[in-house]
Each structure stands twice: as structure tokens, then as C-alpha cells.
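Residue numbers (this note's numbering): 15 to 348. Note sheet for the following structure.
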């Protein structure tokens, strides 16, 4: 069964499926869809959750081992697999099909993938999983659709907005849904009468943080290590949470890996990076980074994620983020 994110809440109310595939390239919508599935699972007694990162050289046998390793104190288990490449290979395809036969009312698979192309959607492993559950396809929000999307989010937040204010906000976020969502939350705090006006939007812009996660990424891509670290310190002082920074850094690393692969296939950078002002920044990063370096950085990012969640008490999350920022900027760790 294939559904869109808007249909997911209704599907979850009808009952949990043994398998959920979340596929797309919009981090905010992917996160929200996963959150809905996790919340529904908790409400239905799935007290145990295991997270597997299926990156380069992942042992797919761990998936089947996890399925057979149910906790003595948890009758139901959710296994979440994040596969950033979207290509499990022969071993992964076989393991996923075997898991589909094991999935049940007490065992759920949540598989998070990037956007799948036509050949991937028609592959045997996707079709097998789809027969056992739901494939949630998340499509990008186009520039033309962005004002309507923003208006929907504003209404969902219990607010209304002037048409011009929506237009200005859509231009400001440049298609970034996470940035739009954050702006709406900030406007909700500033608002007193339920209506977002152009004046309120301008006030929000004026009072916004001097440092943004997107500035951090741009400075790191440009190789401006000192400025990137200063931005990171500014984000910390202004109360930005470590998971937000880690998400942005990790997303950029995976994006660079994907770009390298597509460039090696003969595709053009200008077609792959649609925002023109970011093209020289990305090219700068591609000139000094290699797939091996980026893979190593993703492993470091996992350690930072563990530190954020309290699993690695020997590392400060902010120290780990500083190291990642330096490395992405082309500098060695301090």
C-alpha cells in the first residue's frame, strides 16, 4: 500500500501495519512521519525500540538477529533501520525479504530511505515489504506549493496570516521546510492576537538569532573553519540544541556523498544543486573531501549522537560537533 504523509494518521488509527517504509528527501516530513509511527507503536504496547544505521559495510544479519532477540520484559518491538543510500544490495535485499516474513503484530519494521527511483520501487524487496505494510512516499514541496504549505502549517499552529506575510516567509526560507517550521514556531511565541502580519514577520526577522545552522553549513563548505566554529559557538550560546546541529551536519555529509556518486556518473553539478549561490560552496567542499573522509565523519557523527543520548559519557556533544565542523571545513581535529 502506498500512501502520502497526509494519509498516514488515518492509516495509523485503523491499526498498525507490520512494515512501514518512509521514503523521501524532506527531513522535516520524514521526521514527522517517523514520530507518528513511533508514537502509535508506543500507544499499542511496543515498549522496545532498536535503531540500526545501515550505512557502508553494514552487516544485514544484525537485522534478523534483532528480530529474534526480543527483550524478556517487552512483548512488542519496533526495529528502525535508517539506510541513507537506499540501496541495500543483495544481502540487504534478502534480509529485508526474510524479515517481512517475520514481521507480525508484535514486531514492526520502520525502514527510512531516501527518495526511491522507478527501478528501486519495482524491485522485489520493496514490493515484498510493501505487501506487508505501507510505503509512505514524501515528495518535495515546490516553490509554487510553498506558500500553500506554509499557510497550512500556520493554520495547524492555531494562527492565521496575511497573504503578503506568507509570501515573504516563503521567499525567506528558500524551500527549506525545517526553517519554515522553526519560523512559524517563533512567530507563534511572538504573536498575541492569532494573526501573523507583515509587521510581526519583520519583527521576527529583526529579533532572530544572529547565528543559524545554515550559516554554519555554508561556512564549513566554504572551508572557513574559524568562522564556522564562531558560528557553532554562537548557536550554542543562543540555546540551539545539539541534535539540530548534528542533523544539519550529517545531512550535508550524506548529500555530498550522493553528489560525488552522481558526478562520477557524468551528471552536472548545476543540475544537482538547484540554488545557484550554493554551487561554489559545494564545489569547494567536493574539491577537498573524499568519500572515505565523509564515511569517517559519519561514523564520528554516530558517536556524537550517542553522546547526545547519554550513551557515550566520555565525549561532550558540543566538543564532538566542533570536531565535525572542523573536519568538514577541511581542518584536522584539535
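Glycine residues also receive a C-beta, built at the ideal position from the N, C-alpha and C atoms.
Contact the segment 135–153 vs the segment 28–43: 3+ CB pairs below 8 Å: yes
Inter-residue spacing [alpha-carbon to alpha-carbon] between residue 228 and residue 89: 42 Å
Beta-carbon contacts of residue 192 that lie in its chain and below 7 Å, excluding the five residues immediately before and after: 41 and 42
Rounded straight-line distance, which links the Cα of residue 278 to that of residue 381: Nothing can be reported for residue 381, as the shown portion of the chain is limited to 15 through 348.
Per-residue burial, residue 343 [other beta carbons within 10 Å of its own, 16 or more giving buried]: buried
N-terminal and C-terminal residue of the alpha helix (DSSP H) that residue 54 is part of: 41–57
Local Cβ density within 10 Å of residue 331, reported as buried at 16 or more and exposed below that: buried
Cα-Cα separation, residue 337 to residue 284: 30 Å
Closest residue to residue 407 among 292, 99, 66 and 215 (Cα-Cα distance): This structure cannot speak to residue 407, because the chain is shown only from 15 to 348.
Validate contact between the segment 237–245 and the segment 197–209 using beta carbons, cut 8 Å, 3 pairs: no
Start-end ranges of the beta strand (DSSP E) lying completely within the segment 80–159, minimum 3 residues: 91–96, 121–127 and 147–152
Three-state class that DSSP yields for residue 67 in the structure shown: strand
Within 7 Å, strictly: CB atoms of residue 179 and residue 161: no
When 47, 70 and 117 are compared against residue 101, the one with the closest alpha-carbon: 70
Beta-bridge pairing of residue 339 - partner residues as DSSP gives them: DSSP, once it has assigned bridges, lists no residue as partnering residue 339.
Cβ distance (whole Å) where residue 39 is taken to contact residue 129 below 8 Å: 5 Å
Three-pair Cβ contact test at 8 Å for the segment 298–308 versus the segment 257–275: yes
Sequence-distant residues of the same chain with beta carbon closer than 8 Å to residue 359, five excluded per side: Residue 359 lies beyond the range of the chain shown here (15 to 348); nothing can be said about it.
Chain-order list of residues whose beta-carbon lies under 7 Å from that of residue 154 (same chain, five-residue window excluded): 39 and 40
Beta carbon of residue 111 nearer than 7 Å to that of residue 139: yes
Proximity of residue 26 and residue 61 at Cβ, strictly below 7 Å: no
Residue range of the unbroken beta strand (DSSP E) whose run includes residue 38: 33–38
Proximity below 7 Å, CB of residue 264 to CB of residue 315: yes
Delimiting residues of the alpha helix (DSSP H) encompassing residue 228: 227–235
Check whether residue 125 and residue 44 have beta carbons under 7 Å apart: no
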